[in-house]
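Taken in order, these protein sequences are the chains called A and B. Using this note's numbering, the first residue of the first sequence is number 69, and each one after it goes up by one. Using this note's numbering, the first residue of the second sequence is number 69, and each one after it goes up by one. Don't be surprised by glycine CBs; every beta carbon is placed ideally from N, CA and C. Since we're looking at a predicted model, the values are computed, not measured. For reference, the structure is listed below as structure tokens.
Protein chains: 2
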Amino acid sequence: MDYNPLRPFVEKLASRVELTPADTEALLKMRFSTREMRPGSYFIRERQRPTASSLLIAGVAMRSKLTSEGARQIVGLHLPGDSLDLQQLYLDEADHNIQALTTITLIEVARGDLQSVADKHPNVLKAITIDNVIEASIEREWLLNVGRRIGRARLAHFLCEFAVRLAIKSHVPDQTAIALPLTQEQIGDAVALTPVHVNRMLKELEAEGLITRTKNSIVIVEWKAMASAADFNPSYLHLNQKKQRVTA
Amino acid sequence: MDYNPLRPFVEKLASRVELTPADTEALLKMRFSTREMRPGSYFIRERQRPTASSLLIAGVAMRSKLTSEGARQIVGLHLPGDSLDLQQLYLDEADHNIQALTTITLIEVARGDLQSVADKHPNVLKAITIDNVIEASIEREWLLNVGRRIGRARLAHFLCEFAVRLAIKSHVPDQTAIALPLTQEQIGDAVALTPVHVNRMLKELEAEGLITRTKNSIVIVEWKAMASAADFNPSYLHLNQKKQRVTA
DNA sequence: CGTAGTCTTGAACTCACTCAACGATAGTGG
DNA sequence: CCACTATCGTTGAGTGAGTTCAAGACTACG
Numbered sequence: 069m070d071y072n073p074l075r076p077f078v079e080k081l082a083s084r085v086e087l088t089p090a091d092t093e094a095l096l097k098m099r100f101s102t103r104e105m106r107p108g109s110y111f112i113r114e115r116q117r118p119t120a121s122s123l124l125i126a127g128v129a130m131r132s133k134l135t136s137e138g139a140r141q142i143v144g145l146h147l148p149g150d151s152l153d154l155q156q157l158y159l160d161e162a163d164h165n166i167q168a169l170t171t172i173t174l175i176e177v178a179r180g181d182l183q184s185v186a187d188k189h190p191n192v193l194k195a196i197t198i199d200n201v202i203e204a205s206i207e208r209e210w211l212l213n214v215g216r217r218i219g220r221a222r223l224a225h226f227l228c229e230f231a232v233r234l235a236i237k238s239h240v241p242d243q244t245a246i247a248l249p250l251t252q253e254q255i256g257d258a259v260a261l262t263p264v265h266v267n268r269m270l271k272e273l274e275a276e277g278l279i280t281r282t283k284n285s286i287v288i289v290e291w292k293a294m295a296s297a298a299d300f301n302p303s304y305l306h307l308n309q310k311k312q313r314v315t316a
Numbered sequence: 069m070d071y072n073p074l075r076p077f078v079e080k081l082a083s084r085v086e087l088t089p090a091d092t093e094a095l096l097k098m099r100f101s102t103r104e105m106r107p108g109s110y111f112i113r114e115r116q117r118p119t120a121s122s123l124l125i126a127g128v129a130m131r132s133k134l135t136s137e138g139a140r141q142i143v144g145l146h147l148p149g150d151s152l153d154l155q156q157l158y159l160d161e162a163d164h165n166i167q168a169l170t171t172i173t174l175i176e177v178a179r180g181d182l183q184s185v186a187d188k189h190p191n192v193l194k195a196i197t198i199d200n201v202i203e204a205s206i207e208r209e210w211l212l213n214v215g216r217r218i219g220r221a222r223l224a225h226f227l228c229e230f231a232v233r234l235a236i237k238s239h240v241p242d243q244t245a246i247a248l249p250l251t252q253e254q255i256g257d258a259v260a261l262t263p264v265h266v267n268r269m270l271k272e273l274e275a276e277g278l279i280t281r282t283k284n285s286i287v288i289v290e291w292k293a294m295a296s297a298a299d300f301n302p303s304y305l306h307l308n309q310k311k312q313r314v315t316a
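Right under this line is the structure:
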């Protein structure tokens, strides 16, 4: 078979659940489009009706919510290889925004198309479900992080998670250099701190020798000390989650 | 057909997705047990392997996570009619605790049994998925609440949500009297405030005439003012989510 | 009726915020 | 190529929302 740009999408799902040839075939037959989006542009806005599902191929995206006073909370980040809105595949109305942080490229399929594949192929639906549940687990850890850790640990935790998730995607097991495409204000929106305080905590972590910083990247120098300062335990990422075998 | 204690479970799922007679029959054939649990007892603990799924019939339960220093963050509450761990149906390892707050009764089915029904009945899986996604939406709102609202609004938001969810379950559209089975310390763990501050904010809301308090219950006297103080917009609860029709 | 848990209140403290100014950097247009 | 502008990062000083500590009051329950 020729190369099909939907392959990464299929592989993403196949990493969660073993897919049958029929499953794979149905997925690869979906109409799709490859799209590029500029930083800041919205994939979907709160209260809108979701119309598309997609897989992030390159770049970084974020989910966010706003208070009525305009304060923003980033509720999730997405790296290449992450699905962008399987969360909302069956919801009538989006409950949060999804927005490009950097320039991103994504493969997009129509919501209805993916729904009908999922209807006929339970393995696909199961893969989507598992993906959703793991994202929910990450959101819960963020809630714990924001609610119950002090600024320094909170920021450190954010950096540890980003480093680990990045390492997985790039198949480099011990990557500690993070290309961080977030401004300090955006980091603050993720960990619920002001940009000023983010700046101070970053400098503190640097002064303690846990990280070093250059223009747009951070290197975690002392991983153990950093993970300890962050109270970081990656089990919530469910990295060891076993692939579901086909039952029938 | 005789009355089957699994009925509420089926109805719960059927409220999300239209089920076929075959779906219903398969669900009703599952082995189940009815269980009662005392306040504080664990339904599941973090890092454990989930073995059962259940529906909460009576009482209130909570999900929580702990930092290594022992600080607790409650990441979700469950009222009668809520499912207790469909979240973890496909996860190898629990990422949070689920614990009874009051004495609770629940209908429990074996994880494997529900999985095999879901495998063969896509509508069931879809219903579970929708349930999971709505819970995730609530968790995101909590993250916004804890991260970006001040104590008074944060607490008010918590109370508004509890009142609305309670009202739905009891089919009383405008219920504002809340039987709150949480200590102020537990409320604090939900909204990430100290019990002392929870106490002060409750008294402040009372002094402003937004709520009145008696022993174990709170009445929201001025709903509009309260919702406004809370920055509460219930759209994240997805109450108007339409039931999914069978596609055939 | 005593004990344990919860609620309440006060006082001191502190982590993080606000406000404000300045510096660095990158992109833009003339 | 340089000046202009906007955005981002950095730093200081003052402030405040929420915490900590501590003690007393209330309530439920054996």
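For residue i, which option in the options has the closest C-alpha, if you only look at C-alpha atoms?
i, options, result
"D199/A", "S151/A, E207/A, I175/A", "S151/A"
"N213/A", "H225/A, S205/A, I202/A, E203/A", "H225/A"
"V201/A", "T173/B, I236/B, A221/B, L159/B", "L159/B"
"R313/A", "E253/A, S205/A, V192/A, L234/A", "V192/A"
"A231/A", "K283/A, K194/A, V289/A", "V289/A"
"Q183/A", "K194/B, Q183/B, L182/B", "K194/B"
"S123/A", "A258/A, E161/A, E79/A", "As written in the sequence, residue 123/A is Leu, which differs from the Ser given in the question. Here the closest residue by C-alpha is E79/A."
"D181/B", "L95/B, K310/B, A235/B", "L95/B"
"P73/B", "T173/B, L211/B, G108/B", "T173/B"
"I112/B", "T88/B, E93/B, E161/B, L87/B", "E161/B"
"I142/A", "P89/B, E114/B, E209/B, A298/B", "E209/B"
"R222/B", "I236/B, A235/B, E272/B, T135/B", "E272/B"
"S296/B", "T280/B, E229/B, I255/B", "E229/B"
"G149/B", "M269/B, Q254/B, S303/B, R75/B", "R75/B"
"F300/A", "D257/A, V85/A, R233/A", "R233/A"
"L278/A", "L305/A, R220/A, K310/A", "R220/A"
Which residue comes first and which comes last in the beta strand (DSSP E) that contains residue i?
i, result
"R103/B", "101–105"
"I286/A", "285–288"
"N165/A", "165–168"
"M130/A", "129–134"
"A126/B", "120–126"
"V240/A", "Segment: none, V240/A is in no beta strand (DSSP E) and carries neither H nor E."
"F111/A", "110–112"
"T282/A", "279–282"
"I202/A", "Segment 190–216 is the alpha helix (DSSP H) holding I202/A; no beta strand (DSSP E) there."
Show which residues of chain B have a CB atom less than 9 Å away from the CB atom of residue i.
i, result
"H146/A", "Neighbours of H146/A on chain B: none; closest Cβ ~14 Å, over 9 Å."
"Q141/A", "R208, L211, L212, N213, V214, G215, R216"
"D299/A", "T135, S136, E137"
How would you label residue i, buried or exposed, when you count the other beta carbons within 10 angstroms and need 16 or more for buried?
i, result
"T262/B", "exposed"
"I218/A", "exposed"
"L307/B", "exposed"
"R138/B", "It should be noted that the sequence gives Gly, not Arg, for residue 138/B. Exposed, because fewer than 16 other Cβ atoms sit within 10 Å of the Cβ of G138/B."
"Y110/A", "exposed"
"H239/B", "exposed"
"K133/B", "buried"
"V264/A", "exposed"
"T197/A", "buried"
"T92/B", "buried"
"A260/A", "buried"
"R216/B", "buried"
"S205/B", "buried"
"R106/A", "exposed"
"Y304/A", "buried"
"E207/A", "buried"
Within the present structure, is the beta-carbon of residue i separated from the nearest heavy atom of the ligand FAD by less than 8 Å?
i, result
"D160/A", "Absence of the ligand FAD is noted for the structure shown, with no ligands found whatsoever."
Taking the alpha helix (DSSP H) that residue i belongs to, which residues open and close that run?
i, result
"M269/B", "263–275"
"Q252/B", "252–259"
"R140/A", "R140/A -> not in any alpha helix (DSSP H); beta strand (DSSP E) instead, spanning 140–146."
"V177/B", "No alpha helix (DSSP H) holds V177/B; the beta strand (DSSP E) holding it covers 172–178."
"A162/B", "A162/B -> no alpha helix (DSSP H), and no H or E assigned at all."
"S151/A", "No alpha helix (DSSP H) contains S151/A, which DSSP labels as neither H nor E."
Which residues in chain A sit within 7 Å of residue i, going by Cβ to Cβ distance?
i, result
"L159/B", "V201, H306, Q309"
"Q312/B", "Y158"
Along chain B, which residues have their Cβ under 7 Å away from the Cβ of residue i?
i, result
"A260/A", "G215, R216"
"S205/A", "D163"
Closer than 8 Å by beta-carbon distance: list the chain B residues that pair up with residue i, in chain order.
i, result
"L193/A", "P190, L193, K194, T197"
I want to verify the contact list: residues of chain A whose CB lies under 8 Å from the CB of residue i, in sequence order.
i, result
"H265/B", "Simply none; closest approach about 13 Å."
Is there contact between the segment 155–162 of chain B and the segment 117–136 of chain B, where contact requires at least three CB pairs shorter than 8 Å? Touching, yes, given that three or more Cβ pairs across the two stretches are closer than 8 Å.
Taking 8 Å as the cut-off, does the segment 181–201 of chain B touch the segment 92–103 of chain A (at least 3 CB pairs, one atom from each stretch)? no
Do the segment 168–178 of chain A and the segment 235–254 of chain B meet, that is, are 3 or more Cβ pairs less than 8 Å apart? no
Check whether the segment 269–289 of chain A and the segment 248–259 of chain A touch, using three or more Cβ-Cβ pairs below 8 Å as the test. yes
Meets three-Cβ-pair contact criterion under 8 Å: the segment 161–169 of chain B and the segment 126–133 of chain B: yes
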